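These protein sequence lines map, in sequence, to chains Z and C. Per this note's numbering, the first sequence starts with residue 698, numbered consecutively. Per this note's numbering, the second sequence starts with residue 10, numbered consecutively. Step one of this worksheet: look at the structure below.
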Amino acid sequence: MAENRGGMRPTAPQNNPANVSATGGNGQSGRDYTGFAYGQNQALAEQQASAPMAAAPAPVRPPSQAMPGMGGGVTPLDELQPDGRPISDGVDFGAGRGSEALPSRITSPMNQSENLDLIKRYLPDLINATRIPNAPDSYKRFVNYLREQIL
Amino acid sequence: MQWLENGFFDHLDKFANSLGYENYEIAIPLAMVKWKSPEDRDVFIMTLTNQDVKGGGAHNFNPLAVK
Numbered sequence: 698m699a700e701n702r703g704g705m706r707p708t709a710p711q712n713n714p715a716n717v718s719a720t721g722g723n724g725q726s727g728r729d730y731t732g733f734a735y736g737q738n739q740a741l742a743e744q745q746a747s748a749p750m751a752a753a754p755a756p757v758r759p760p761s762q763a764m765p766g767m768g769g770g771v772t773p774l775d776e777l778q779p780d781g782r783p784i785s786d787g788v789d790f791g792a793g794r795g796s797e798a799l800p801s802r803i804t805s806p807m808n809q810s811e812n813l814d815l816i817k818r819y820l821p822d823l824i825n826a827t828r829i830p831n832a833p834d835s836y837k838r839f840v841n842y843l844r845e846q847i848l
Numbered sequence: 010m011q012w013l014e015n016g017f018f019d020h021l022d023k024f025a026n027s028l029g030y031e032n033y034e035i036a037i038p039l040a041m042v043k044w045k046s047p048e049d050r051d052v053f054i055m056t057l058t059n060q061d062v063k064g065g066g067a068h069n070f071n072p073l074a075v076k
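Below, the structure written as structure tokens:
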């Protein structure tokens with residue numbers, strides 16, 4: 698009489714989704730490799746000892762959700778901030794106060810000189826872009842202005 | 010090389026001309042923003058300046074005109 702062996706057994710432990718290691722793949726040491734040809738296991742162990750593995754990376758945390766009641770925040774397309782001020786408050790154009798309302802750190806000459814250095818560095822690229830076919834005249838006029846200001 | 014409508018140089022053209030040449034120190038970092046589309050950028054400029062977008066040419070986008 699033929700025996701009924703093998704095949705899929707739904708109650709087998711490997712089919713139980715709850716049987717998952719709490720540490721996932723991090724629970725594996727990854728250190729002990731054996732089974733190589735005679736004489737190679739010791740050489741491999743020595744090689745591993747001379748180059749220790751880097752520390753395991755910290756687990757990645759999902760981005761935190763905003764707490765209830767914090768409000769949705771401001772996007773660049775909003776006209777007003779939650780406190781009722783216009784988004785252009787603190788800028789020298791548009792509605793609201795001008796740059797005099799900004800803290801002194803933001804308008805410090807040091808930041809301006811850093812910006813100028815950055816613009817000087819990329820000015821040749823900005824000038825080259827004026828030669829791109831279909832580059833608008835308004836862009837060329839602006840780059841001319843920039844060149845006069847900076848050089 | 011072509012002039013890309015949603016590229017850095019196009020953004021710089023629109024910001025510099027819309028905000029004023031003298032505000033180039035603001036226009037340049039704004040031009041470096043990866044805008045989702047020229048329309049998004051132009052709506053931002055119009056919200057900021059309360060005026061139409063300046064610069065560019067015939068391909069300027071004016072959302073108010075589309076409505």
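Every residue gets a Cβ at the ideal spot worked out from N, C-alpha and C, and that includes glycine. Remember, predicted model here, so these are calculated numbers, not experimental data.
1) What do you get for residue 18 of chain C, buried or exposed, if any count of 16 or more other CB atoms within 10 angstroms of its CB means buried?
2) Residue 837 of chain Z by DSSP, collapsed to three states: which one?
3) Within the continuous alpha helix (DSSP H) that includes residue 31 of chain C, where are the two ends?
4) Taking the C-alpha atoms as reference points, what is the distance between residue 781 of chain Z and residue 787 of chain Z?
5) Taking 8 Å as the limit between beta carbons, can you name the residues of its chain near residue 837 of chain Z, skipping five residues before and five after?
6) Take every Cβ of the segment 43-57 of chain C, pair it with every Cβ of the segment 810-829 of chain Z, and state whether three or more of those distances are shorter than 8 Å.
7) Hey, does residue 63 of chain C have any beta-carbon neighbour from chain Z nearer than 9 Å?
8) For residue 50 of chain C, which option in C:21, C:11, C:12 and C:10 has the closest C-alpha, if you only look at C-alpha atoms?
9) Pull up the CB-CB distance for residue 64 of chain C and residue 835 of chain Z, whole angstroms please, since I reckon it's below 8 Å.
10) Does chain Z have any CB closer than 9 Å to the CB of residue 26 of chain C?
11) Count the other CB atoms within 10 Å of the CB of residue 849 of chain Z; is the residue buried (16 or more) or exposed (fewer)?
12) Got a sec: is the Cβ-Cβ distance from residue 830 of chain Z to anything in chain C below 9 Å?
13) Comparing the C-beta of residue 816 of chain Z with each C-beta of chain C, is any distance below 9 Å?
14) If you draw a straight line from the alpha carbon of residue 745 of chain Z to that of residue 38 of chain C, how long is it in whole angstroms?
15) Comparing alpha-carbon positions, which option in C:10, C:35 and C:15 lies nearest residue 43 of chain C?
16) Distance, Cα to Cα, residue 23 of chain C vs residue 714 of chain Z?
17) Can you list the residues of chain Z that residue 32 of chain C reaches, using a CB-CB cut of under 8 Å?
Let me spell this out:
1) buried
2) helix
3) Unbroken run through residue 31 of chain C: none, as it is neither H nor E.
4) 14 Å
5) 827
6) no
7) yes
8) C:21
9) 4 Å
10) yes
11) Since the first residue of chain Z shown is 698 and the last is 848, residue 849 of chain Z is not available in this structure.
12) yes
13) yes
14) 49 Å
15) C:15
16) 57 Å
17) 789 and 790
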